[in-house]
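S.K.: Would you mind keeping the following structure in view while I ask a few things?
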Amino acid sequence: MSSGYGAADGAGFVSHDGVIHERLPDAGGGAVPLRWVVRWETQLDDAELARIHAFLVRVFPDHPGGVQAAWAGSRPELRLLGFADDADDSTEGELLAHIGIARRFIRARESGASVLVGDVGLVGVSPDRQGAGLGRRLMHQTDAVLADLGVDFGTLTTGDSKIPFYEAVGWHLASNRLHAIDLWNRRETFDGPFFIRPVRAPLSAWPTGDLERNAREI
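Just so we're aligned, residue 8 is where the sequence shown starts under the numbering used here, counting upward by one.
Here you go:
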């Protein structure tokens, strides 16, 4: 089944004035060739999930609790996968980049207003290809997927060491306090970096005050 997102020269999005507007070609020249495939979670068979799991174990050796399957918290709705070959919409090649996304609502605690977001997690590139710009290209492709999903914003939580990277690829550090469910199904107030990415709405439309994400992270 075709992913609908093109091959190695697929499109990404660029943000202008806080809103994503136009597609840009993927990096070319001497860049590592990448073929992008989008898979809904129900499209992945056991063998594909096993390969993704092995990749995530390599990428996240220090993940809290370890990566016990092809997911860590909530299962993604879909995955964006980057492969180092030019096969036609196959998941058989060498996996170099991965991201998981799930649509959900984040609720403003004070007003009760909700905003539809694409919650992003398990962002990783192959350890032996880090420093080659794959992470930046992965996030550009993620912009395209978020736009096609019709969400107002992208969201993600991360660690302090990743702040410069996400700021460099157009994500904004939110000042909100985020109430959520942790990986062990306990209520938590997340105290790490919480990023947002304007997609169909301007940055000014992001709610203020405490927020609630009534689900586990990806």
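Here a beta-carbon is modelled for each residue, glycine too, at the ideal position from N, C-alpha and C. Remember, predicted model here, so these are calculated numbers, not experimental data.
#1: From the DSSP output, read off the bridge partner residues of residue 156.
#2: Spell out whether any CB of chain B is found under 8 angstroms from the CB atom of residue 117.
#3: Count the C-beta pairs between the stretch 107-124 and the stretch 137-147 that are closer than 8 angstroms, then say yes if the count reaches three, no if not.
#4: Alpha carbon to alpha carbon, what distance is there between residue 129 and residue 166?
#5: Tell me, to the nearest whole angstrom, how far the beta carbon of residue 145 is from that of residue 89; I am working on the premise that it is less than 8 angstroms.
#6: Tell me residue 172's beta-bridge partners as DSSP assigns them.
#7: Taking the beta strand (DSSP E) that residue 132 falls in, what are its first and last residues?
#8: Please name the residue in 46, 83, 65 whose C-alpha comes closest to that of residue 223.
#9: Once you ignore the five residues that flank residue 76 on each side, which residues in its own chain have a CB closer than 8 angstroms to its CB?
#10: CA-CA distance, residue 47 and residue 86?
#11: Just curious, the alpha helix (DSSP H) that residue 66 is in, first and last residue?
#12: I believe residue 79 touches residue 214 by the beta-carbon criterion, under 8 angstroms. Please report the beta-carbon distance rounded to the nearest angstrom.
#13: Which residue's Cα is closest to the Cα of residue 91: 65, 74, 39?
#14: With distance defined between alpha-carbon atoms, name the residue in 154, 174, 189, 159 nearest to residue 143.
M.R.: This is what the structure holds:
#1: Bridge partners of residue 156: none, in fact.
#2: Note that chain B does not occur in the displayed structure, where there is just one protein chain.
#3: no
#4: 12 angstroms
#5: 6 angstroms
#6: The partner list for residue 172 (beta bridge, DSSP) is empty, contrary to what the question assumes.
#7: 121-132
#8: 83
#9: 56, 60
#10: 6 angstroms
#11: 53-66
#12: The Cβ separation is near 27 angstroms, so there is no contact.
#13: 39
#14: 174
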